[in-house]
Every structure is written in C-alpha cells, then in structure tokens.
Amino acid sequence: MCHAELRVRIPSLKPPAPGADPPPGASSERTRAWACGVRDAAFAEEEREDTEAPLPLPEALLHWHWANLEYANGTQLHSLSNRWWDADDEFDFGGGHYLLPDGYGGLLRKVAAGLDIRLGHEVKTVKKEPRGVLVEAVNGGSPVIFTADVAICSLPLGVLKAGAVVFEPPLPPRKQEAIERLGFGSLNKVLLGFERPFWEEREGGRDFWGWTAPNGRRRGEAFQFWNLQRSTGRPLLLVLHAGRAALRKEDTREEAKEAAIRATMDALRAIFGEEAVPAPTLKLATQWEHEHFSRGVYSHVAVGATARDYDVLAEPLWGD
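Throughout the sequence shown, residue numbering follows the working numbering, covering 276 to 595 in sequence.
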C-alpha cells in the first residue's frame, strides 16, 4: 500500500481596501482597480512558487494539472476569474479526442470550397456607411476597398486589444470595456522530428503522455507530449508549453525558441534516459504572442471580467 501526503497552500487573497468586491453597478474604473489589485496579489503568490526547490511527487502531479488548466485557458492561473474561468464548459463538444493529420486547415478548406476567399489582405479600417459597411485593406502595399450590406468581424481578441484595426465610428464603450476586461494569453508548441519513433519502445502507440516538472519554476514546460507517428506516419512529437513556460524571457525571439527546444529535449531525456534520445532531425517552435495577426492564443475570462463580456462582443453593431 502506497501512502503520500499532499499539502496544498491556498492563499487568502483580499482585494485592496476597502476589502470587498466592488458592488453591483460600480464604475468601470473602480472595478478595474479592484481587478488589478486581486490579480497583482495572485501574481505575487504565484511568483513565490517560482523556485527550483524539488517538488514531492504528489505536488508535482498537482502542478501538472495546474499546467493543464493554464494550457486550456492560454494563461497563468493568477489571471483567471475563479468564478467564470470555466463558463464555456457547457458548450464543450462531446466524444473522444482526435488528431487531424492536415491540421485545422483541412477543415477550413472544406468550409471554404466554392467561396471567394481573398488571402493576403490586411484589414486596416471598418467604416459604417449609409447603406452598409466599407472595409479598407492593404494587399501587397496597394489599398483595396470592400463594400457590403453586413460585415462579420472575427478578428482575434489580441488584435482588437492592440487596436490594430480602426472602427469608424469607434466601438461603443460597452464593447471597448469588454475587450479590455477579457484576457488573451499564449500557448506555445515545439515540434520535433526524429529518424525513428524511439518513444514507442516504452510508451507504445499511445497518442498522448505527460511529464511532471521537477520544480515550480518549470511548471508547464513540455508538460504534455502528442505522438504524431500514428496520425501522420512520421516520427514526430508535438510538445506543449503552457503558463509561465509559454512566455520565455530570453533576450531575442530566436533565443526563446532555442530555450523551448532545449527544455523539451531535457524533458525527453528525463523520461527515457540520455542514451535513448537521439538528436532531432527537425526542430520548430511557435511564438504566437509575436504573431502580428493573432498576438496570442485563446481568450479567457480574466479577473474582473464575466461570461457576459463575450455576449457583449457578439452583439450586432451599427444595427440602427
């Protein structure tokens, strides 16, 4: 019989004075100040766990589940609303998990069949017109104008937060505030290719497996491995980096990519042993937070936001 003791410290976080949640109807400035105070306190608590002190196995398992939560939300735990973080669970798809050999692009190609899709057009301005909508874009440095009765805006929240597209007239305050309150974080992946699927000698043909970080500082680092051998026919591993590990602090983007790849190889060697892990023949790493047309991945209900903010963003604009 195996016995292990798990000690979990739950911090008692209090908002700044006067020490209570902002009352219903509080001004957006007061709500924003309250949310910032709560988030800063939670961040400080999380930073205190950023150490190289070895984690006992039960705590390491708990950190793995926290990393999985950070992966699902694209952000660190301190940014999430305790009340609303899982508000979208009721919309989850049922059934098992599947890997798409062609990626989501295969689905998009099916949906786009027969449609007039214009690639390479960067939208700059969306304007209300007397008879509909005018969209100003740039294609290869040349201005392009589209007119329509109605436009559906599916810009990533990161792009909206950055103000990269101008709306004329400006978005009303209720939409601007919803954009500010909701969170938009990052998740990054490392893709490694090898001459042979050496991991199947121990893991067999399983599609997924996880790795528990040895300390809090490395939480989220290469915490989940996807075996692409069975779905693609190639010896490939796709590895997730979530939470703090998704946002590397190296001086340059290339250094950050190399650090993510090294961390992934270190995790593989910790799992299978130094001698069992050959040098990769392919190395790629994403950095979604630096992608101009997304500026991150995954929205989340941040501290100070509610699920209602998604409904506000979805409301029709200029419907009068």
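Heads up, the beta-carbon is just placed ideally off N, CA and C, and yes, glycines get one too. Since the model is a prediction, treat every value here as computed from it, not as a measurement.
Looking at the DSSP output, Lys464 shares a beta bridge with Leu515. Between Ala317 and Thr581, the alpha-carbon positions lie close to 18 angstroms from each other. Contact annotation: the segment 542-558 does not touch the segment 515-523, with fewer than three C-beta pairs closer than 8 angstroms. For Pro444, the CB contacts under 7 angstroms within the same chain, skipping 5 residues up- and downstream, are Lys403 in chain order.
With 16 or more other Cβ atoms from the protein chains shown falling within 10 Å of its own Cβ, Leu462 counts as buried. Val587 is not bridged by DSSP to any residue. Residue pairing of Leu432 in beta bridges, as defined by DSSP: absent, with no partner found. A Cβ-Cβ separation of about 37 angstroms leaves Ser354 out of contact with Gly480 under the 8 angstroms criterion.
If you draw a straight line from the Cα of Arg528 to the Cα of Ile536, it comes to about 13 angstroms. Under the Cβ criterion (8 angstroms, minimum of three pairs), the segment 493-512 does not count as touching the segment 565-576. According to the DSSP assignment, Leu543 belongs to the alpha helix (DSSP H) that extends over 528-547. Straight-line spacing of the CA atoms in Asn490 and Ala412 works out to 48 angstroms.
Lys385 counts as exposed, since fewer than 16 other beta carbons sit within 10 angstroms of its beta carbon. Lys436 is positioned such that its CB atom lies no closer than 9 angstroms to that of Glu590.
Burial is judged here by how many other beta carbons sit within 10 angstroms of a residue's own beta carbon; Tyr346 has at least 16 and is buried.
Rounded to the nearest angstrom, the gap between the Cα atoms of Ala542 and Val419 is 48 angstroms. Between the alpha carbons of Gly371 and Arg471 lies a gap of roughly 27 angstroms. With a beta-carbon spacing of about 6 angstroms, Thr326 and Arg492 fall inside the 8 angstroms limit used to define contacts. Boundaries for Phe498: no beta strand (DSSP E) harbours it, and the DSSP string shows neither H nor E there. Comparing alpha-carbon positions, the option among Leu352, Ala531, Val401, Leu457 lying closest to Ala423 turns out to be Val401. DSSP places Pro376 outside any beta strand (DSSP E), giving it a letter other than H or E. Going by DSSP, Trp484 is part of the beta strand (DSSP E) stretching over 483-485. Rounded to the nearest angstrom, the gap between the Cα atoms of Lys464 and Lys558 is 11 angstroms.
The beta carbon of Glu397 sits closer than 7 angstroms to the beta carbons of Ala412, Val413 from its chain, once the five residues preceding and following it are set aside; these are given in chain order. Under the 10 Å beta carbon count, Arg519 is surrounded by 16 or more other beta carbons and is classified as buried.
In the three-state scheme derived from DSSP, where H, G and I count as helix and E and B as strand, Ser417 is classed as strand. In terms of CA proximity to Leu588, Glu452 leads the group Trp339, Glu452, Ala388, Gly389. Straight through space, the alpha carbons of Lys399 and Val410 are spaced by roughly 8 angstroms.
Rounded to the nearest angstrom, the Cβ distance from Pro376 to Thr507 is 5 angstroms, consistent with a contact under 8 angstroms. Relative to the Cα of Asp364, the nearest Cα in the group Leu337, Arg323, His575 belongs to His575. Going by DSSP, Leu559 is part of the beta strand (DSSP E) stretching over 557-560.
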